Amino acid sequence: MITDPEAVGKLIREVTAAEILPRFRNLTADEISKKSAGDVVTVADIAAEAALAAGLSEIMPGAHIVGEEAAENSPESLNVLAGDDPVWIIDPVDGTQNFADGKDCFAVIVAWVEGGLTTAGWIYEPVSDAMVWAGKGRGTWIDGKQVKYADAGPINTLRGSLKDHIAERMRRKHGADKSNLPVDIVRYRCVGAEYADLARCNLHFARYGGRLKPWDHAAGVLIHDEAGGFSAVCETQKPYQVTPDLEQQTLLMAPSDDSWRQLNNLLA
7 MITDPEAVGK LIREVTAAEI LPRFRNLTAD EISKKSAGDV VTVADIAAEA
57 ALAAGLSEIM PGAHIVGEEA AENSPESLNV LAGDDPVWII DPVDGTQNFA
107 DGKDCFAVIV AWVEGGLTTA GWIYEPVSDA MVWAGKGRGT WIDGKQVKYA
157 DAGPINTLRG SLKDHIAERM RRKHGADKSN LPVDIVRYRC VGAEYADLAR
207 CNLHFARYGG RLKPWDHAAG VLIHDEAGGF SAVCETQKPY QVTPDLEQQT
257 LLMAPSDDSW RQLNNLLA
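Note that the numbering used here has the sequence shown beginning at 7, numbered continuously upward.
Rendered as structure tokens:
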């Protein structure tokens with residue numbers, strides 16, 4: 007169990023100040039490379055992951071580390087998520103393409119997992135210096151203030167995050183009558199910032215599909231749920247689980263179980 011969440015937040019800020027922000031809008035072409043179709047990695051990702059791993063190992067010695075960049079190169083490192091040992095999960099720069107393009111929308115994500123369950127998670131937005139964290143049974147906090155979901159209202163008043171093709175499919179399915187559709191659809195291309203805005207109620211729902219990677223979702227799902235939101239995997243209607251098996255599945259975040267069912271039917 008994490009007894010000092012502020013120590014983790016302090017480390018994240020220190021690493022960001024040392025390894026990420028000095029490179030923001032200062033990257034040279036040779037400091038950005040492609041790692042797969044549609045994905046890039048920068049020297050900031052690599053340096054920040056190494057520094058976070060070292061610092062987190064001092065906070066909780068003996069815990070395993072799963073970092074995005076290391077796991078991309080060595081997928082077998084995800085196997086520790088199948089056991090009961092504690093694991094740190096790190097996304098050093100979430101929204102790397104935004105970061106590389108000089109856009110403000112990027113984040114640092116850290117999760118603490120015990121026995122396959124996320125029991126603490128942090129999302130830090132460097133440009134605004136906003137820290138969001140949650141502990142299992144301890145609530146969700148933004149810059150020292152606890153946050154809870156308010157009544158979000160009917161579906162046609164909601165603002166949510168969808169991939170373009172899902173949003174277009176929804177619109178085609180419902181034809182000319184758009185009166186029951188969400189009022190606004192966006193996509194930040196930074197899942198950490200979206201989870202932070204879900205906690206702020208600046209977003210009301212989000213849908214993520216594909217091979218759900220733990221560094222993208224472990225912290226955010228806990229933050230969402232501890233704020234009073236409801237989330238489940240659409241195919242099973244069961245809670246998201248942190249596992250080494252990156253199966254194709256769909257995760258839907260909503261303000262409540264009732265709105266989740268309505269949105270799931272709407273987006274099916």
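Quick reminder that beta carbons are idealized off the backbone N, C-alpha and C, glycines included.
Remember, predicted model here, so these are calculated numbers, not experimental data.
> Going by C-alpha distance, which of W94, I52, E64 is nearest A6?
Replying inline: The first residue shown for the chain is 7 and the last is 274, placing residue 6 beyond what the model contains.
> Taking all protein chains shown into account, do 16 or more other C-beta atoms lie within 10 angstroms of the C-beta of T146, making it buried, or fewer, making it exposed?
Replying inline: T146 should be labelled buried.
> Does DSSP put Y157 in a helix, in a strand, or in coil?
Replying inline: Note that residue 157 is Asp in the sequence shown, not Tyr. Three-state DSSP puts D157 in coil, outside helix and strand.
> Are there 16 or more other CB atoms within 10 angstroms of the CB of D36, so buried, or fewer, so exposed?
Replying inline: Exposed, because fewer than 16 other Cβ atoms sit within 10 Å of the Cβ of D36.
>> For a test of the three-state rule: what should DSSP assign to Y194, helix, strand or coil?
In response: Here DSSP, grouped into helix, strand and coil, assigns Y194 to coil.
> How long is the line joining the alpha carbons of V133 and N208, rounded to whole angstroms?
Replying inline: The straight-line gap from Cα to Cα measures roughly 17 Å.
> Which class does Q243 belong to by DSSP, given the choice of helix, strand or coil?
Replying inline: In this structure, Q243 counts as coil in the three-state DSSP scheme.
> What number of angstroms, rounded off, separates the C-alpha of L269 from the C-alpha of Y155?
Replying inline: In this structure, the CA atom of L269 is about 17 Å from the CA atom of Y155.
> How do the segment 156-163 and the segment 180-187 stand: do at least 3 beta-carbon pairs fall below 8 Å, yes or no?
Replying inline: Contact between the segment 156-163 and the segment 180-187 is present: three or more C-beta pairs spanning the two stretches fall below 8 Å.
> In the DSSP assignment, what residue or residues form a beta bridge with G166?
Replying inline: Bridge partners of G166: I191, F211.
>> Applying the 10 Å Cβ sphere with the 16-neighbour rule, what's the burial state of L123?
In response: It is exposed - the Cβ of L123 has fewer than 16 other Cβ atoms within 10 Å.
> Of the residues L257, E253, L62, F30, which one's Cα is nearest the Cα of H230?
Replying inline: Of L257, E253, L62, F30, the residue nearest in Cα terms is L257.
>> For I115, list the residues DSSP reports as bridge partners.
In response: According to the DSSP secondary-structure assignment, I115 is paired through a beta bridge with D97, I129.
> What whole-angstrom Cβ distance do G141 and P220 have, given they're in contact under 8 Å?
Replying inline: Between G141 and P220 a beta carbon distance of about 18 Å is seen, past the 8 Å cut, so the two are scored as non-contacting.
> Which one or two residues does DSSP pair with G141 in a beta bridge?
Replying inline: Under DSSP, G141 shares a beta bridge with A126, G145.
> Could you give the residue range of the alpha helix (DSSP H) that holds A50?
Replying inline: 49-65 is the extent of the alpha helix (DSSP H) around A50.
>> Rounded to whole angstroms, what is the Cα-Cα separation between R177 and K151?
In response: Between the alpha carbons of R177 and K151 lies a distance of about 38 Å.
>> Judging by CA-CA distance, which residue of G215, G127, V116 is the nearest neighbour of E232?
In response: The shortest Cα separation from E232 among G215, G127, V116 belongs to G127.
> Helix, strand or coil: which one does DSSP assign to R31?
Replying inline: Coil at R31, not helix or strand.
> Under a three-way DSSP split, which group does I38 fall into?
Replying inline: Strand at I38.
> For L204 versus G235, is the C-beta spacing smaller than 8 Å?
Replying inline: Going by C-beta atoms, L204 is nearer than 8 Å to G235.
> Alpha carbon to alpha carbon, how far is A88 from V248?
Replying inline: If I take the Cα positions, the gap works out to 8 Å.
> If P292 and L84 are in contact, beta carbons under 8 Å, what's the gap, nearest whole angstrom?
Replying inline: The requested residue 292 is not part of the displayed model; the chain covers only 7 to 274.
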